[in-house]
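Quick note on the working numbering: the sequence shown kicks off at 10 and runs consecutively.
Heads up, the beta-carbon is just placed ideally off N, CA and C, and yes, glycines get one too.
Model, not experiment: these values are computed from the prediction.
Step one of this worksheet: look at the structure below.
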Amino acid sequence: MKTRHVIATMTAVFLAAVSGCASAPSPHEGPWTLSELENADAGSDPIEPFNRAMFAATDVALCYVIDPVGRIYATILPRPFIEHFDNVCENLKFPDKCIGTLLRGEFRASGEELLRFLINSSIGIAGIFDVADYWFDMPDTKSDFGCVFAAWGIGPGCTFVLPCLFRHNVRDAVGMLFDVALDLRTYIPYAGYATIANIAVMAERQYAATIKYDYDVYKSYRQIMSVYRSSLEQMSDYRYKKAIAAARNARKNAGLPPGPDPVKPKYTPKPGWMRGEWVDLPYFDSDVPSVDSFRQRLFRSEDDDYWFMKLSLFNRDFLTRGSTVRLSLDDDLPSLKCQFWETPKKCHRDRLAVVLPGIGATWRDSMPLALAELCNRDGYAVAVIDSAFSWKFAESRPDRALAGDLDRDARLLRGIISRLISKLESNGDLRDPELHIVGYSFGGLHALKIAAMEQDEPMLGTAAYVAINPPYDMRHACDTLKRMSLASATWNLDDARNHILNVAGLLVNMPDDRTDGEETTPIALSPISGDEADFAISQQIAMCLRNLLVIGHRDHGYEQFSQPYSWWRRGKLYEEADAFGMDGYLNVFLAQDCDKSPERLFEESSLRSFARDIAYDGHVRILHNIDDFLLTEEDRKEMDRTFAGR
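Next up, the structure:
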């Protein structure tokens, strides 16, 4: 009787809370903005100040309690122990997942959860090893009662955050009560205490990899949790693994060897008009240009420490071998942090590669980190400076200006590189280094502009410059990105959610194929459409520009905004910033900030405007994909004529 009363009370509270916070969905017209997607999928946020305060408490706990405790724990215990102990904890959640999938009508998945528990508890030695997945193709459904309520048609309600409980709405928070009641650890003495350190280390690892270093961690948390919960509701990871297993078994039944069929290389002939060096990638089966660009995610750091977590003092993977160099550009502003890796000990001469990332990227992103590792392996000391378009750079720049004026940004970056070299030399890390500046995308354009400046006003001494996929004409580049942002114009909410989950699934289940010979598998094509790639790329740029506008409004109080900046409540401000879009950023805010017309900005920020100044500079090299979506055919030919063999 008492149990029924408790469950009835919990359900009544749940339904009352959801009905009080949920808002009726409204039809959507035109392309989606970040704020519209977030609010449509995650629900409204009427108690944002409360939620921000609760999440701030979580952030403090993760950074100042869990992080130091985790460092001790992860230093004492090796990574395999921590990960296998996490398997044990997951195994004890079996009643929750088994009953949850049953109540969702996923009868096969429910039966597999029961079999998983029996197999892993016996053959897997109390769940230490997930043999049900590895040997019997029964992956974890990861279901919970929040997913059950969603399957029953109950909306998320409003955003509701409590400290250290990673649920982001009323529905999932109430569902957690049922999850706890059906978790076997709840009834094992001291089991909860025994798993706290392990849970803390795993949580910190995921937190640091996703949102810890974002501009607005609460906003990023809400967005990521919304996508993550949608993925759980659709059991995306479970269905993906089942599809992979089905394909593998089909090959086995057909008598074919495991893995994809070896492929013969496909060679693409060099265009007749090209004078530059042509490098063919025979195993890179090209897709549409935007999808090819999205596949840059395959280029990421490979050096990982199998034995120790990143929090461990013994971890020596590439990420943790770096050190932070702080440069004070203004006494009243935060220092600019650059990440630095020392010259490998086998090298006898100091060579420094300074990496300039693409729009919005920081040194922790996959592309600059992988590029830094590649340079370091080749004998260079490496320093990565965050993009001039990143929020961290914006908070440190002494002129408090918006990024986007190529001349102004490159001049500032050149001064930062000079200070960085002086700082490294004074610290004894380098001695009269041979300088190489490596930039990609807009960072490549910055590198080339610095090369042009050095011809007129030498500051860095003799340096080499490598630009990877720099845009050539900024007008065309911006028009292309605006066109790509229209990819979602015909999507309803379900379409948008499914497309986003498909892109998120790609990032989570990123193929790890490498090509090292003719008898190897090709780098897998990204299983996303051109529209999905267009939308993902354009929204990444939109989020970067939004952060810059919000920081600028905080510092200057832009009259174009009706919403004031507030730490406690920023949802409406983000909606305003999203509405301005790229056109508003360029034509309204940036043009006013640098006192230049939009046309002059486009002209001066294009490689075309100064390409001939560096055309014969023997220290300049450009690497470019011929199908880069930001180039026109005429751009390709003109760049080839200008730089020829370089």
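Which of helix, strand or coil DSSP assigns to residue i
{"i": "S32", "result": "Here the model assigns S32 a pLDDT of 42, short of 50, so the residue's position is not dependable, and the following value carries that caveat. Coil at S32, not helix or strand."}
{"i": "T471", "result": "coil"}
{"i": "F349", "result": "strand"}
{"i": "V78", "result": "helix"}
{"i": "N596", "result": "helix"}
{"i": "D637", "result": "coil"}
{"i": "T371", "result": "coil"}
{"i": "H565", "result": "helix"}
{"i": "F168", "result": "Here residue 168 is Thr; the residue named in the question, Phe, does not match the sequence. Residue state, collapsed to three classes: strand."}
{"i": "I537", "result": "coil"}
{"i": "R360", "result": "strand"}
{"i": "R579", "result": "coil"}
{"i": "R523", "result": "Residue placement at R523 is flagged as unreliable, the pLDDT there being 38, under the threshold of 50; the coordinate-derived value follows with that caveat. Of the three classes helix, strand and coil, the one that applies to R523 here is coil, per DSSP."}
{"i": "L101", "result": "coil"}
{"i": "R630", "result": "strand"}
{"i": "I56", "result": "coil"}
{"i": "N657", "result": "Look at the range of the chain in this structure, 10 to 655, and you will see that residue 657 is not part of it."}
{"i": "A588", "result": "helix"}
{"i": "A476", "result": "strand"}
{"i": "L191", "result": "coil"}
{"i": "L86", "result": "coil"}
{"i": "N501", "result": "coil"}
Own chain, CB closer than 7 Å to residue i, minus 5 neighbours either side, in chain order
{"i": "E584", "result": "S44"}
{"i": "L411", "result": "L557, G561, F598, L599, D602"}
{"i": "D339", "result": "P407"}
{"i": "T110", "result": "A118, S119, E122, T150, S152"}
{"i": "R260", "result": "P267"}
{"i": "T329", "result": "K319"}
{"i": "A370", "result": "M376, P377, S396, S399"}
{"i": "R325", "result": "D314"}
{"i": "D525", "result": "Low confidence applies to D525: its pLDDT is 37, below 50, so where it sits in the model is not reliable, and the reading given next is rough at best. Contacts found: none."}
Of the residues the options, the one placed nearest residue i, counting alpha carbons only
{"i": "V629", "options": "A653, M185, D313", "result": "A653"}
{"i": "V475", "options": "E466, N258, V364, D374", "result": "V364"}
{"i": "A362", "options": "P274, A472, K261, W316", "result": "A472"}
{"i": "D341", "options": "M376, R330, S405", "result": "S405"}
{"i": "R617", "options": "P198, L454, W577, N634", "result": "L454"}
{"i": "E647", "options": "W287, N478, M283", "result": "M283"}
{"i": "R358", "options": "D142, E443, I537", "result": "E443"}
{"i": "F138", "options": "W144, F145, N129", "result": "N129"}
{"i": "P680", "options": "G39, T168, L71", "result": "Only positions 10 to 655 of the chain appear in the structure, and residue 680 is not among them; the question remains open."}
{"i": "S538", "options": "L383, K102, L515, L554", "result": "L515"}
{"i": "A505", "options": "F327, D540, P480, R492", "result": "D540"}
{"i": "M656", "options": "P280, A551, S321", "result": "Residue 656 falls outside the range modelled here, since the chain spans only 10 to 655, and no answer is possible."}
{"i": "A203", "options": "K273, I91, V140, G331", "result": "I91"}
{"i": "D626", "options": "T651, T641, L112, L171", "result": "T651"}
{"i": "A190", "options": "V170, L101, W41", "result": "L101"}
Contacts around residue i, its chain only, beta-carbon distance under 6 Å, and the 5 residues preceding and following it disregarded
{"i": "Y237", "result": "none"}
{"i": "L433", "result": "L439"}
{"i": "Q232", "result": "E47"}
{"i": "A159", "result": "E242"}
{"i": "A381", "result": "V364, V391, V393"}
{"i": "Y605", "result": "The question names Tyr, but residue 605 in the sequence shown is Lys. Hits under 6 Å: none found."}
{"i": "F451", "result": "G367, I368"}
{"i": "D374", "result": "none"}
{"i": "C107", "result": "S119, E122, L123"}
{"i": "M227", "result": "In the sequence as presented, Met is not what sits at residue 227; that position holds Tyr. Closer than 6 Å at the Cβ level, and outside the excluded window around Y227, lie R61, F64."}
{"i": "M244", "result": "T150"}
{"i": "R523", "result": "The predicted model places R523 with a pLDDT of 38, which falls under 50 and marks its position as unreliable, so this point remains unresolved."}
Residues near residue i in its chain [Cβ-Cβ closer than 8 Å; skip 5 each side]
{"i": "L241", "result": "K151, S152, D153, G155, C156"}
{"i": "F619", "result": "L457, K458, A461"}
{"i": "G658", "result": "Here the chain comprises residues numbered 10 to 655, so residue 658 is not present and cannot be evaluated."}
{"i": "D622", "result": "A461, Q464"}
{"i": "A206", "result": "V78, G79, Y82"}
{"i": "E657", "result": "No answer is possible for residue 657: it lies beyond the span of the chain, which begins at 10 and ends at 655."}
Closer than 6 Å: residue i CB and nearest the ligand ATP heavy atom
{"i": "S235", "result": "In the structure on display, the ligand ATP does not appear, and there are no ligands present to speak of."}
Using 8 Å as the cut-off, can you tell me whether the segment 607–623 makes contact with the segment 469–488, which would need three or more C-beta pairs spanning the two stretches below that distance?
yes
Run through the segment 241–266 for me and flag every whole alpha helix (DSSP H) of 4 or more residues, listed as ranges in chain order.
245–262
Would you check if there are 3 or more beta carbon pairs closer than 8 Å linking the segment 462–474 to the segment 388–401?
no
Which ranges would you report for the beta strand (DSSP E) in the segment 268–343 if only whole runs of at least 3 residues count?
332–336
So within the segment 386–453, which uninterrupted alpha helix (DSSP H) runs reach at least 4 residues, ignoring any that extend past its ends?
400–405, 415–435
Whole alpha helix (DSSP H) runs in the segment 112–165 with 4 or more residues, listed along the chain?
116–131, 140–143, 154–160
Three or more beta-carbon pairs under 8 Å between the segment 201–221 and the segment 87–96, yes or no?
yes
Stretch pair the segment 409–423 + the segment 345–352: three plus CB contacts closer than 8 Å:
no
Counting pairs of Cβ atoms below 8 Å between the segment 63–76 and the segment 287–303, do you hit three or more?
no
Every unbroken alpha helix (DSSP H) within the segment 194–250, with a cutoff of 4 residues, ordered by chain
200–219, 226–242
Using 8 Å as the cut-off, can you tell me whether the segment 243–252 makes contact with the segment 191–204, which would need three or more C-beta pairs spanning the two stretches below that distance?
no
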